[in-house]
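Structure first, commentary second.
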Amino acid sequence: MPMKKEFIDGKKNALKSLEKACREKQVDDGILPILQLINDSSHYYTSSSCAGRIVFLEISHIGDKKGAIFLGRWHRTIDSDEIKEAAKKAKRGLLWLLAQAPIIHIVSDTNEAADTMVKAAIACGFKNSGLKSLGKKIVVEICSTERLDAPIGRDRNLFCNEEYLKL
1 MPMKKEFIDG KKNALKSLEK ACREKQVDDG ILPILQLIND SSHYYTSSSC
51 AGRIVFLEIS HIGDKKGAIF LGRWHRTIDS DEIKEAAKKA KRGLLWLLAQ
101 APIIHIVSDT NEAADTMVKA AIACGFKNSG LKSLGKKIVV EICSTERLDA
151 PIGRDRNLFC NEEYLKL
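Following full-length UniProt numbering from start to finish, the sequence shown increments by one per residue and tops out at 167.
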């Protein structure tokens, strides 16, 4: 079956965007090899991704996602000193430490190829993977179940000790 023009054009544009993002150091180095592997396939291309991140937030109350203030954001392993330093920027509110798993969005040329990708991702442990869209684009979201959302302070004061932060 011949490839749809929309898929071919979309892949061309996505690869140009990825190339530009790489030049501008906006791509997580840890995820680049898997993006290249996926993009080398004639059936897929990646549209967005994150190798996983650690986020330190201040929120006024639980559920206030829109009002959240990012005190720290890292795409690498961090140490307890970085959390303590970021806490100094807090003013008033709950302090949350979040560890978020990798996420990759992949556009597929067919439903069958999308199904193959989802099954492979789940078999590799990315159990929250599935189809995100079946409209103009067939989009697969690869995502894991691992995450951490921990309240660790309030109003610049950490609830936990150094040993807990080192975990």
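For every residue, glycine included, the Cβ atom is placed at its ideal position computed from N, Cα and C.
- Bridge pairing for Arg53: Gln100 [DSSP].
- Leu94 is positioned such that its CB atom lies no closer than 7 Å to that of Arg53.
- Contact between the segment 131-148 and the segment 83-93 is absent: fewer than three C-beta pairs spanning the two stretches fall below 8 Å.
- With respect to Ala68, Arg156 sits apart: the two C-beta atoms are not nearer than 7 Å.
- Between the C-alpha atoms of Ala120 and Lys20 there is a straight-line separation of about 29 Å.
- The Cβ neighbour count for Cys124, taken over all protein chains shown within 10 Å, is under 16; the residue is labelled exposed.
- Secondary structure of Val27 (DSSP, three-state): coil.
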